[in-house]
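Here the structure comes first, spelled out in structure tokens, and everything after it is commentary.
Residue numbers (the working numbering): 6 to 393.
In structure tokens:
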């Protein structure tokens, strides 16, 4: 029998995040700090709207692009937050999570052999999606000394005559790094000078600490070159509702909707009604959750200082990216031993690219009691390592 599988798919590695998550499921006493999922319930008024939509029998397909009411709410959100004006009828697409938006944008924009610049460490889906869309990933290893920001010098060195897209992911998963308007301006100029496009994943845009998020699409000349990906999972604690959105130029969105139309048809109707309520009346909920994450962030920073572990202070998302280079273990070895010896799951930095070697991703989207217990076990673990 001939091989039924695609060579391209076989070469893609499984997610390094799910590997540890699956192990934890078989360890009832283990604490997982590995999954980027809010520990909050979806706010009641948002759930109630979803329930009400079912009670009203709203179980039909929506239009391929999504409920017009939701697309209008998304358009208003982008204008309110970033002064960006998108036509809800042809420049907004409701997707099944942010991940689908990333996949759609890459498939709609890439021809075989086009290069995509991917700063790493980065969310695990980007590189496989580039490969599946017949693009060529060109990775840039970001530096802790630069607070994991992309510098103009790094970008310039990666651009070739085959470069078409730059992926930006700020606030960043896994590092928690952000890029300010001042950081983004020289990047935007370089994008325009080299006639590139940007896919900007802004799923953590509502979770910044100390300053507001800046979207690169809001900079001069960038709206027509940028597809912004966002969603409801992180800010509104709606991971299981599987709902995201993409906004961008009509010429790109039209093709993304075409792929979405044939592959998905439409995002879940119940989730879309709930999302309208989230955008229209959920700002107080977001603020409450953001304040709680900020408290946890400061607690973890204090704990790492007490353990004398090097970790730059994140300014967004809900992750820490501490260095473990002093212990002489690979990220995989450290995470595996920590799970086995102390029953705490964290994610090796290499799950987010080779340049993540020597780091761990620690999520603080967990209760303060779980964080206290887990960090206490980590302190005990690293003390043993230092004595070996």
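Don't be surprised by glycine CBs; every beta carbon is placed ideally from N, CA and C.
Using the C-alpha atoms, what's the distance from residue 35 back to residue 228?
45 Å
Residue 49: buried (16+ other C-beta within 10 angstroms of its C-beta) or exposed?
exposed
Once the 5 residues before and after residue 109 are set aside, which same chain residues still bring their CB inside 8 Å of it?
98, 100, 251, 261, 264 and 265
Following the continuous alpha helix (DSSP H) through residue 230, name the residue where it begins and the one where it ends.
Premise fails: residue 230 is in no alpha helix (DSSP H) and is neither H nor E.
Taking the C-alpha atoms as reference points, what is the distance between residue 367 and residue 241?
21 Å
Which stretch, first to last residue, makes up the beta strand (DSSP E) that contains residue 125?
120–125
Buried or exposed: which applies to residue 178, given that a residue is buried once 16 or more other Cβ atoms fall within 10 Å of its Cβ?
buried
Quick check on residue 251: does DSSP put it in helix, strand or coil?
strand
Enumerated in chain order, which unbroken segments of the beta strand (DSSP E) with a length of 3 residues or greater are wholly contained in the region 322–383?
365–368
Could you tell me the alpha carbon to alpha carbon distance between residue 19 and residue 130, rounded to whole angstroms?
10 Å
With a cut-off of 8 Å, do at least 3 Cβ pairs link the region 65–80 to the region 292–300?
no
What are the boundary residues of the alpha helix (DSSP H) that residue 183 is part of?
Looking at the DSSP string, residue 183 is not in any alpha helix (DSSP H), and its letter there is neither H nor E.
Between the region 376–390 and the region 334–352, do at least 3 Cβ pairs fall closer than 8 Å?
yes
Run of the beta strand (DSSP E) containing residue 206, from where it starts to where it stops:
202–206
Please report the distance separating the alpha-carbon of residue 87 from that of residue 11.
42 Å
Using 8 Å as the threshold, is the C-beta distance between residue 208 and residue 239 below it?
yes
Using C-beta distances below 8 Å, list every residue in its chain close to residue 13, excluding the 5 sequence neighbours before and after it, in chain order.
136 and 137
Residue 291 - containing alpha helix (DSSP H), residue span:
288–311
Nonlocal neighbours in the same chain, by C-beta distance under 6 Å from residue 273, ignoring five residues either side:
none
Among 322, 144, 122 and 126, nearest to residue 216 - alpha-carbon criterion
322
Residue 319 - partner residues in DSSP beta bridges:
Paired residues: none, contrary to the question.
Bridge partner(s) assigned by DSSP for residue 142
121
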